[in-house]
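Protein chains in written order, with our numbering: chain A, 1 to 330; chain B, 331 to 686.
Shown next, in the form of structure tokens:
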């Protein structure tokens with residue numbers, strides 16, 4: 001088990017290095033010149049060269065990547081000996097726009113995404129799996145059609161639409177909730193919670209259909225297995241048969257998809273929801289950095305998101321081992 | 331319970347047999363039509379005795395056995411007829427009442443134990459679970475009982491094997507574990523659905539011996555479902571031959587195997603290799619395939635595959651469904667075939683010659 005974990009983590013590291021290379025070469029090979037942007041309107045050729053040099057853009061692409069890669073582990077210094085800014089490890093580079101380390105910006109935006117992802121994931125996982133199980137055991141009947149229909153209706157609505165409708169109804173019209181925004185959990189837990197209710201609900205509406213349908217189809221398949229018939233033949237109650245024998249076996253594909261969704265959510269994939277509710281998360285950061293051609297931030301957000309997705313997959317594989325003893329032992 | 335009026339069956343008689351199945355029908359409505367998987371099957375079985383139900387795939391053997399466990403309840407299947415077990419009628423029992431009998435009074439050994447055991451739970455815990463659901467005991471006691479059962483069915487190092495998962499067992503060991511599970515509550519009726527099909531021949535014999543030994547020990551009634559007449563001959567007291575969801579021949583092992591009355595039974599006999607037989611002699615399998623259970627052939631359901639239908643005058647095999655009639659000179663033996671006694675004797679003679 002331990003060796004398996006080490007192997008998986010090494011593989012994950014290799015994947016991340018490859019992703020960082022690909023992203024690096026795509027963005028730094030772009031025809032636009034960051035130095036030109038940084039230089040501003042009153043730019044002299046000499047000044048431009050200086051800036052290129054201080055940003056390290058006068059070196060070869062491979063050399064630039066090596067500097068970047070080294071920075072991840074030992075940090076790096078920008079500028080000349082006279083005016084140098086230190087970016088401590090793990091350094092993802094400096095923003096061209098704000099001259100702050102990308103890592104600092106990312107860590108500032110991260111708690112918002114973590115809160116958004118955790119809260120919504122707990123709700124859509126429980127609701128989605130619950131509805132899916134009900135739909136599967138009531139296949140073809142009203143409960144099934146209602147669960148699948150309601151979930152499908154939810155996913156058909158775009159998050160900006162859901163978000164805005166919710167906001168209009170619950171905040172503006174009936175004053176049930178305060179205007180949604182992100183407050184740090186450590187600052188004020190109550191405000192953290194009420195401010196995030198609407199974003200959570202919006203994300204739940206989006207993800208619920210997928211989990212309902214996934215659980216439904218997986219459960220339907222499992223409930224037709226021989227071992228379910230054996231469980232019933234033993235005289236077990238239908239609750240035990242459905243949850244202990246059925247859901248336990250049906251949960252594997254759900255865990256797989258959930259791992260990826262959760263990783264992506266933490267990494268800022270809920271960008272529309274973030275914008276609708278004015279939450280400054282990683283998704284918004286990524287969009288802004290693309291708009292501003294702020295390559296180090298683009299690279300940083302991409303890598304950050306990729307790291308979470310890869311990590312989530314390692315966790316998923318470990319969870320497989322907990323669920324399925326055949327995975328554990330082989 | 332004492333105030334309850336003792337249940338009476340449709341024809342007014344209270345069954346005297348331990349298990350009395352009367353005119354059992356299991357029909358499944360589908361988009362293509364009504365699938366009559368079991369269509370009017372009756373048999374009786376006493377404690378300590380074994381009944382072999384024989385037939386091809388799709389003849390209704392397994393569906394019959396699932397009906398005895400009440401596993402068609404809450405499904406789309408329409409079950410009618412009567413199943414009397416120890417004086418209690420099961421077809422009209424509620425799911426809750428049936429559930430308390432499942433696994434305790436009636437239990438089942440399934441074909442292919444690899445798929446019939448849950449892959450995510452240890453073998454021992456699955457056996458203990460079957461015991462716990464019917465007994466108010468601690469987990470420790472259930473565990474001890476399960477280890478004892480594993481030992482009883484001949485699994486070495488049962489304490490250690492208790493924790494192993496089904497995929498860590500060999501095929502024969504898995505089937506032994508399956509048997510341990512079905513016997514853990516001392517069932518009075520044990521149904522074994524093709525218990526040896528997935529196993530190699532040496533293990534087959536061991537498993538049959540095991541079932542027989544345990545039957546003697548527990549005094550259970552056993553129904554063994556198989557397409558293998560060899561298994562039936564070895565273990566059964568009675569044989570029920572099914573074709574297209576109906577009975578075609580029923581009687582004691584001696585009656586049916588020595589005096590087959592139905593061409594389908596002859597066919598099953600002849601499609602089986604004999605150790606003492608001539609190796610150059612080709613087997614003579616039944617031609618064609620089992621009939622559609624939605625539209626059974628008219629008359630005798632077996633007629634399209636029957637070699638002897640021309641011997642019956644007036645196309646009766648195609649137009650008139652043969653009744654199950656008692657065979658002369660036997661108490662229990664019945665068969666549904668239009669052939670007359672002379673015709674049958676003659677064919678049986680040639681068939682025996684072919685076998686010997």
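Just so you know, even glycine gets a beta-carbon here, dropped at the ideal spot from N, CA and C.
So the candidates are the options; which of them puts its Cα closest to the Cα of residue i?
i, options, result
"residue 239 of chain A", "B:426, B:389, B:634, B:451", "B:426"
"residue 324 of chain A", "A:121, A:110, A:113, A:253", "A:253"
"residue 523 of chain B", "B:626, B:347, B:382", "B:382"
"residue 574 of chain B", "B:365, B:349, B:361", "B:365"
"residue 182 of chain A", "A:33, A:173, A:193", "A:193"
"residue 571 of chain B", "B:561, B:557, B:443", "B:557"
"residue 140 of chain A", "A:126, A:113, A:216, A:178", "A:216"
"residue 671 of chain B", "B:663, B:662, B:658", "B:658"
"residue 673 of chain B", "B:635, B:589, B:510", "B:589"
"residue 465 of chain B", "A:290, A:236, A:168", "A:236"
"residue 112 of chain A", "A:47, A:186, A:133, A:248", "A:186"
"residue 278 of chain A", "A:316, A:180, A:248", "A:180"
"residue 600 of chain B", "B:678, B:666, B:656", "B:678"
"residue 120 of chain A", "A:308, A:150, A:24, A:263", "A:263"
"residue 299 of chain B", "B:497, B:414, B:396, B:554", "Residue 299 of chain B is absent from the structure shown; chain B starts at 331 and stops at 686."
"residue 502 of chain B", "B:628, B:529, B:353, B:512", "B:529"
"residue 226 of chain A", "B:352, B:417, B:410, B:447", "B:447"
"residue 310 of chain A", "A:261, A:290, A:288, A:322", "A:261"
"residue 282 of chain A", "A:60, A:114, A:13, A:123", "A:114"
Under the DSSP definition of a beta bridge, which residues are partnered with residue i?
i, result
"residue 77 of chain A", "A:86"
"residue 579 of chain B", "B:571, B:665"
"residue 523 of chain B", "B:555"
"residue 432 of chain B", "B:436"
"residue 212 of chain A", "BP columns for residue 212 of chain A are empty, so no partner."
"residue 357 of chain B", "B:366, B:408"
"residue 656 of chain B", "B:664"
"residue 350 of chain B", "B:374, B:414"
"residue 620 of chain B", "Answer by DSSP bridge pairing: none, since residue 620 of chain B is not bridged."
"residue 101 of chain A", "A:94"
Which same chain residues, not among the five before or five after residue i, have their C-beta less than 7 Å away from its C-beta?
i, result
"residue 232 of chain A", "241"
"residue 284 of chain A", "271, 274, 275"
"residue 635 of chain B", "616, 617, 618"
"residue 8 of chain A", "314, 317"
"residue 363 of chain B", "624"
"residue 563 of chain B", "583, 587"
Output needed for residue i: all residues of its chain with C-beta closer than 6 Å, excluding positions within five of it in sequence on either side, in chain order.
i, result
"residue 320 of chain A", "327"
"residue 43 of chain A", "none"
"residue 335 of chain B", "Here residue 335 of chain B scores only 42 on pLDDT, less than 50, and its place in the model is too uncertain to base an answer on."
"residue 598 of chain B", "559"
"residue 340 of chain B", "Note that residue 340 of chain B scores a pLDDT of 49, beneath 50, so its modelled location is shaky; the value from the coordinates is reported in the next line. Nothing meets the Cβ criterion."
"residue 337 of chain B", "Because residue 337 of chain B carries a pLDDT of 45, less than 50, the predicted location of this residue cannot be relied on, and the following value inherits that uncertainty. Closer than 6 Å at Cβ, skipping near neighbours: 419."
"residue 492 of chain B", "454, 477"
"residue 332 of chain B", "Residue placement at residue 332 of chain B cannot be trusted, given a pLDDT of 42 that sits under 50; what the coordinates show is reported in the next sentence. Nothing listed; no residue qualifies."
"residue 91 of chain A", "71, 75, 76"
"residue 171 of chain A", "177, 179"
"residue 20 of chain A", "303"
"residue 188 of chain A", "none"
Might you give, ordered along the chain, the residues of its own chain that have their beta carbon closer than 8 Å to the beta carbon of residue i, omitting 5 neighbours on each side?
i, result
"residue 387 of chain B", "557, 620"
"residue 510 of chain B", "457, 476, 479, 480, 482, 483, 485"
"residue 638 of chain B", "593, 669, 673, 677"
- request: Can you give me, in chain order, the residues of the region 428–448 of chain B that have a beta carbon less than 8 Å from any beta carbon in chain A?
  value: 429, 430, 431, 432, 433, 434, 437, 438, 440, 442, 445, 446, 447, 448
- prompt: For the region 176–190 of chain A, which residues have a beta carbon sitting closer than 7 Å to at least one beta carbon of chain B?
  reply: none
Interface residues of the region 218–234 of chain A facing chain B [CB-CB below 9 Å]: 225, 226, 227, 228, 229, 230, 231, 232, 233, 234
task: For the region 489–517 of chain B, enumerate the residues whose C-beta is nearer than 7 Å to any C-beta of chain A, in chain order.
output: 495, 497
query: At what residue ranges does the region 360–428 of chain B contain a whole run of the beta strand (DSSP E), taking only runs of 3 or more?
result: 363–375, 380–384, 408–415
Chain A contacts from the region 390–418 of chain B (Cβ-Cβ distance under 7 Å): 399, 401
query: If you measure beta-carbon to beta-carbon, which residues of the region 90–101 of chain A are closer than 9 Å to chain B?
result: none
- request: Give the residues from the region 587–617 of chain B that approach chain A closer than 8 Å (Cβ to any Cβ), ordered along the chain.
  value: none
Near-chain A residues of the region 458–485 of chain B (beta-carbon distance less than 8 Å), N- to C-terminal order: 459, 460, 463, 464
- request: Using a Cβ-Cβ cut-off of less than 9 Å, give me the residues of the region 343–369 of chain B that come near chain A, in sequence order.
  value: none
- prompt: Which residue spans inside the region 274–308 of chain A form an unbroken alpha helix (DSSP H) run of at least 4?
  reply: 282–291
task: Taking a Cβ distance cut-off of 8 Å, strictly less, list which residues of the region 525–555 of chain B are near chain A, in chain order.
output: none
query: Between the region 236–260 of chain A and chain B, which residues of the former have a C-beta closer than 9 Å to a C-beta of the latter?
result: 236, 237, 238, 240, 244, 245, 248, 249
- prompt: If you scan the region 207–254 of chain A from start to end, which runs of the alpha helix (DSSP H) of 4 or more residues do you find wholly inside it?
  reply: 226–233
Proximal residues, the region 313–326 of chain A versus chain B, C-beta separation under 9 Å: 323, 324, 325, 326
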